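S.K.: Shown below is the structure under consideration.
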Amino acid sequence: MIEEKYMQRCIQLALKGKGKVAPNPMVGCVIVYKNNIIGEGFHSQYGGAHAEVNAIDSVLDKTLLPLSTVYVSLEPCAHFGKTPPCANLLIAHKVKKVVIGCVDTFSKVAGKGIALLKAAGMDVEIGILEQDCRDLNRAFFTFHEKIRPYIILKWAETANGYMAGERKQISGNNAQLLLHKWRSEEQAFLIGTYTLMQDNPQLNSRHFSHKNPIRIVIDFDLKSEGKNLHFLDNKQATVILNRHKNETINTIQYVKIDNKEPQTIVNALYHIDIHSVVIEGGKQLLESFINAKLVDEYRVFTSTKNTFIDGLKAPKFKAQLKQTIVLGEDILNIYFK
Ligand code: AOF
Ligand code: ZN
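Residue numbers (my numbering): 54 to 390.
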């Protein structure tokens, strides 16, 4: 179907914003006049112009707009945020028809954009490639609909199903590089106290770029206090979930929690505006989230080479396999819950 073809192009454009627009959604927009694309745009920078604005800007002959159809992967916004409402822009240009991939469930929009377009007498069609458009922004929709961050569990295991014990490297360089790319794309990375003290991780993206995530540790009893750890070096935004204090010192934010239950942790993360989080270990923390059914995605590296057995058995879980990627000596499997 021709409509799906244009919506597919919207998704392709939207993906150009990957890693640059979060926590906003990735959005793409295509403007079609008599079966020809006369304008394209996408949301390319957090706080910057929305997809529809860029698409309209790119149209050379604006007199064609009242005869054109606008395809957009997400419902045009209806609110004054960092930019004025896109629905108003489309109405001002009197576009003929708007085809929308999926509804925006952010409470300030949530159907209001569609209502504005319809009230202006515009022809509106909703739900073209709807599931693909929603999958594009799984983190965004999870945050607004489930009132918690999107949760990704990540670990590496040996060919025979073991996780690293005392800081033994399981994955090869390709896997490492991809992990560092993720560190530049996802908003936050979370570890437990044991991993912090044992591995002294930096949780940055040094092998890929200079865009680092917020690093978070559950250090309930503040065992890290006064220790010489990378985590406390003030080189990147850091959150310490603990039972003693709420306080911010330089780049370190201490956030008080009453217990270490996964639900308590995700509530705390939601309140400090964390939209997506990758849990990197250790095993106990990963399993507590699996048991609490608080997982949206699994990313598991499996070595084809390393088979040591003196580590810990890797977690077990049930989810739908979405993608398999071969990375040198490792295999990455991505599962959606
Ligand atoms: C659109 N087109 O390209 C995007 C939309 O703070 P602001 O002004 O950037 O608004 C962010 C919200 O706008 C975001 O939460 C989502 O509901 C919507 N994003 N809407 O019409 C776009 N990126
Ligand atoms: Zn907008």
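The beta carbon of each residue, even a glycine, is placed where N, CA and C say it ideally should be. In this text, all values refer to a predicted model and were calculated from it rather than measured experimentally.
Measure the beta-carbon distance from residue 208 to residue 367 and round it to whole angstroms, keeping in mind my assumption that it falls under 8 Å.
M.R.: Between residue 367 and residue 208 the Cβ distance is about 6 Å, and since that is below 8 Å, they are a contact.
S.K.: Return the CA-CA distance between residue 63 and residue 304, expressed in angstroms with no decimal places.
M.R.: The straight-line gap from Cα to Cα measures roughly 38 Å.
S.K.: Taking only the alpha-carbon atoms, compute the straight-line gap between residue 291 and residue 94 and give it to the nearest angstrom.
M.R.: Approximately 34 Å, taken between the alpha carbons.
S.K.: Do the CB positions of residue 350 and residue 205 come within less than 8 Å of each other?
M.R.: Cβ atoms of residue 350 and residue 205: closer than 8 Å.
S.K.: For residue 226 versus residue 360, is the C-beta distance shorter than 8 Å?
M.R.: Against a cut-off of 8 Å, the Cβ pair of residue 360 and residue 226 comes out as no contact.
S.K.: Can you list the beta strand (DSSP E) stretches of 3 or more residues lying completely in the stretch 146-217, in chain order?
M.R.: The qualifying runs are 150-155, 176-179, 203-210.
S.K.: Which ranges does the alpha helix (DSSP H) cover as unbroken runs of at least 4 residues, wholly within the stretch 69-145, from first to last along the chain?
M.R.: The stretch 69-145 contains these whole alpha helix (DSSP H) runs: 104-111, 139-145.
S.K.: Is residue 252 helix, strand or coil when you go by DSSP?
M.R.: In the structure shown, residue 252 sits in a helix (DSSP, three-state: H, G or I).
S.K.: Less than 8 Å separating the beta-carbons of residue 97 and residue 189?
M.R.: No, Cβ-Cβ distance for residue 97 and residue 189 is not below 8 Å.
S.K.: Under 6 Å Cβ to Cβ from residue 233, same chain only, skipping five residues before and after it: list those, please.
M.R.: Here the set comprises 258, 260, 261.
S.K.: Can you find a CB in chain D that lies within less than 8 Å of the CB of residue 270?
M.R.: The chain labelled as chain D is not found in the depicted structure, where only one protein chain is given.
S.K.: Hey, could you find the ends of the alpha helix (DSSP H) residue 242 is sitting in?
M.R.: Per DSSP, residue 242 belongs to no alpha helix (DSSP H); it is in the beta strand (DSSP E), 241-245.
S.K.: Short of 8 Å in beta carbon distance, which residues of its chain neighbour residue 357, apart from the five on each side in sequence? Order them along the chain.
M.R.: 212, 382, 383, 384.
S.K.: Indicate, with yes or no, if the ligand ZN has a heavy atom lying under 7 Å from the CB of residue 103.
M.R.: Flag set: Cβ of residue 103 near the ligand ZN.
S.K.: Using 7 Å as the cut-off, classify the Cβ of residue 96 as near or not near the heavy atoms of the ligand AOF, replying yes or no.
M.R.: At least one heavy atom of the ligand AOF is nearer than 7 Å to the Cβ of residue 96, so yes.
S.K.: Would you kindly work out how many angstroms separate the C-alpha atoms of residue 302 and residue 72, rounded to a whole number?
M.R.: Distance between the alpha carbons of residue 302 and residue 72 is about 27 Å.
S.K.: Spatial neighbours of residue 102 within its chain, please: C-beta separation below 7 Å, excluding the five flanking residues on both sides.
M.R.: Once the five neighbours on either side are set aside, the close Cβ partners of residue 102 are 136.
S.K.: Can you tell me the Cα-Cα spacing of residue 165 and residue 341, whole angstroms?
M.R.: Approximately 39 Å between the Cα atoms of the pair.
S.K.: Report whether the distance from the Cβ of residue 154 to the nearest heavy atom of the ligand AOF is below 7 Å.
M.R.: It does not: the Cβ of residue 154 is nowhere closer than 7 Å to a heavy atom of the ligand AOF.
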